[in-house]
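For any residue, its number in my numbering is found by taking its place in the sequence shown, counting from 1, and adding 4. Think of the CB as a built atom: it goes at the ideal place given N, C-alpha and C, for glycine as much as any other residue. To start, the structure itself, in structure tokens.
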Amino acid sequence: MIHRKLIRPNLSDLKDKMAGSPAAHRPQRKQVPPEQTNAEAFYYLKQMNAKTPMVVVLNDGEQLHGVIEWYDKTCVKVNRENAPNLLVNKHCIKYMYKADETPGSKSEPEEGF
């Protein structure tokens, strides 16, 4: 049987070598946040699956009441009762909220958040 000697570098020697290098003096750059977090997709899917009544407020202040049927990169389809269904461009939407909530009021957070 052959006995092999384990060679371990001394950590203090490594630190000294790293301290001398110019890269050690540069501050760490912040990581760039991901371009897409999928939060929007998660929100739409959750409301679509639950068929949550929503209020969509457009840039001009008009309010649309209905259920989100589907969405894509640029549009949201809102199904309305007693009115035609609408395909709304996302750039025309100011904000949206659940119909049972009033805007500006603080409501209880949903389970899971």
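Can you give me the start and stop residues for the alpha helix (DSSP H) that Lys50 sits inside?
43-54
Could you compute how far the alpha carbon of Arg12 sits from the alpha carbon of Met52?
59 Å
So what does His69 bridge to, in DSSP terms?
Val59
Using CA atoms only, rank isn't needed, just tell me which of Met100, Gly70, Arg33, Lys77 is closest to Asn42.
Lys77
With 16 other CB atoms within 10 Å as the buried threshold, where does Gly65 fall?
exposed
How far does the beta strand (DSSP E) with Val82 in it reach, from first residue to last?
79-83
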